[in-house]
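Peer 1: Would you mind keeping the following structure in view while I ask a few things?
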Amino acid sequence: MIPLELDPPAHGVFRSLLNPLLSPKRVMALEPAVRERAIALIDMISASSTSCDVMKDFAFPFAVSIFLRFLGLSDERLDTFVGWAKDLLHGDGIKRTAAARTIVAFIDDLAAMRRKEPADDFMTFVVQADVEGRQLTDEEVRGIGVLLFVAGLDTVATAIGFDLAYLARNPKDQELLRSEPDRIVLAAEELLRAYSTVQIIRVATKDIDFEGAPIRKGDYISCPTMIANRDPAEFECPNTIDLAREDNRHTAFAYGPHRCLGSHLARREIVIGLEEWLSRIPDFRIKEGTAPITYGGHVFGIENLMLDWS
Numbered sequence: 001m002i003p004l005e006l007d008p009p010a011h012g013v014f015r016s017l018l019n020p021l022l023s024p025k026r027v028m029a030l031e032p033a034v035r036e037r038a039i040a041l042i043d044m045i046s047a048s049s050t051s052c053d054v055m056k057d058f059a060f061p062f063a064v065s066i067f068l069r070f071l072g073l074s075d076e077r078l079d080t081f082v083g084w085a086k087d088l089l090h091g092d093g094i095k096r097t098a099a100a101r102t103i104v105a106f107i108d109d110l111a112a113m114r115r116k117e118p119a120d121d122f123m124t125f126v127v128q129a130d131v132e133g134r135q136l137t138d139e140e141v142r143g144i145g146v147l148l149f150v151a152g153l154d155t156v157a158t159a160i161g162f163d164l165a166y167l168a169r170n171p172k173d174q175e176l177l178r179s180e181p182d183r184i185v186l187a188a189e190e191l192l193r194a195y196s197t198v199q200i201i202r203v204a205t206k207d208i209d210f211e212g213a214p215i216r217k218g219d220y221i222s223c224p225t226m227i228a229n230r231d232p233a234e235f236e237c238p239n240t241i242d243l244a245r246e247d248n249r250h251t252a253f254a255y256g257p258h259r260c261l262g263s264h265l266a267r268r269e270i271v272i273g274l275e276e277w278l279s280r281i282p283d284f285r286i287k288e289g290t291a292p293i294t295y296g297g298h299v300f301g302i303e304n305l306m307l308d309w310s
């Protein structure tokens, strides 16, 4: 996955290439489309029922539709993409392998199509881009496409799911954000801290001893952001969720040169999703007799989240 799995100086070359596509300015331009999609999905839910599976009916369709728009594709393949993402990140060995091959083939086909038929979208930018005076190789295009696919689907949907599950269990906080929506941006940061979803994997480049534990060159190191974000040396009362917490230096999007490239877009998707849900859905709670089904892995997730409301 490029640039995630590259070291400097190659990492910086590709990071500089992609940064403008996901800059705050670019995200601001995308915001009307993001909000429009959130409103359409929520209005569809509220018009037909007083309960839903948030993951199936809102969180995943919302995140995937923004991803498809970024690629210049329609929502017709939305369910297919959701299935691929779930199989790749949370399926068994057979499903993961099959999903990886399918996704790579899709990215290769899309890149070939955009070389022949350019459009105003992400993949056209990538296949036409120059790095150090040359065009990207097929392998580099594929690596960027896979990173976008993996990073842009499950993570945002899962964050929205955890946020709504928390609010369903904490009606006072739910009402606070509904009555004072200006608090949602700060609240979203605290919920990112409290419910970080990604376990970052790093490879040691040299032998070191860390806190008495030997780490050897080539070792794979799991760096769970959810543990760092509960560090009492960094956060006062780290196990208490404080939606008014300020100066929130959480690591939900990682840290350093490999910090999440799409963090600006992810933040806006999460905030917009919460804003529109709270403004359109009345007091909601976890449906009686149900409980969210969660799963682990490199990306923590929620299989389903049944909510109902009056």
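Quick note on numbering: full-length UniProt numbering labels position 43 of the sequence shown as 43, and the sequence is numbered without any gaps. Where a beta carbon is used, it is the ideal one built from N, C-alpha and C, also for glycine.
1) Could you compute how far the alpha carbon of Glu175 sits from the alpha carbon of Arg96?
2) Please classify Thr158: is it buried, with 16 or more other beta-carbons within 10 angstroms of its beta-carbon, or exposed?
3) Excluding the 5 residues flanking Phe284 on each side, which residues of the same chain have their C-beta closer than 6 angstroms to its C-beta?
4) So what's Ile241 in DSSP terms, helix, strand or just coil?
5) Provide the residue(s) that pair with Arg183 in DSSP beta bridges, ordered along the chain.
6) Whole angstroms is fine: what's the gap from Asp154's alpha carbon to Val299's?
7) Is Tyr255 helix, strand or coil when you go by DSSP?
8) Compute the distance between the beta-carbons of Gly262 and Gly152, then report whether it is under 8 angstroms.
9) Between the Cα of Arg142 and those of Asp108, Asn239 and Leu6, spot the shortest distance and give me the residue it belongs to.
10) So, do the region 114-122 and the region 83-102 have three or more beta carbon pairs nearer to each other than 8 angstroms?
11) CA-CA distance, Ser48 and Leu41?
12) Assuming the contact rule is C-beta atoms closer than 8 angstroms, Arg245 and Glu234 should be a hit. Round their C-beta distance to whole Å, please.
13) Whole angstroms are fine: how far does the CA of Ser51 sit from the CA of Asp182?
14) Output yes or no for whether 8 angstroms exceeds the beta carbon distance between Leu305 and Pro292.
15) Could you tell me whether the Cβ atoms of Ala252 and Arg193 are closer together than 8 angstroms?
16) What do you get for Ala59, buried or exposed, if any count of 16 or more other CB atoms within 10 angstroms of its CB means buried?
17) Specify whether the region 216-234 and the region 266-282 touch according to this definition: at least 3 beta carbon pairs, one from each stretch, less than 8 angstroms apart.
18) Taking 8 angstroms as the threshold (C-beta atoms), are Ile302 and Phe162 in contact?
19) Can you have a look at Ser65 and say buried or exposed, based on whether 16 or more other CB atoms are within 10 angstroms of its CB?
20) Assign Gln145 to one of three DSSP states: helix, strand, or coil.
21) Can you tell which of Ile39, Ile286 and Leu17 has the C-alpha that lies nearest to the C-alpha of Asn170?
22) Just list the residues that DSSP pairs Asn304 with in beta bridges.
23) Can you check which of these residues, Val34, Gly145 and Leu177, is closest to Ala105 by C-alpha distance?
Peer 2: Once the coordinates are examined:
1) 40 angstroms
2) buried
3) Ala168, Leu307 and Trp309
4) coil
5) In DSSP, Arg183 forms no bridge with anything.
6) 8 angstroms
7) coil
8) yes
9) Asp108
10) no
11) 11 angstroms
12) Wrong, their Cβ atoms sit about 12 angstroms apart, outside the cutoff.
13) 26 angstroms
14) yes
15) yes
16) buried
17) no
18) yes
19) buried
20) For the record, residue 145 in the displayed sequence is Gly; it is not Gln. Looking at Gly145 - three-state DSSP - the assignment turns out to be helix.
21) Ile286
22) Ile293
23) Gly145
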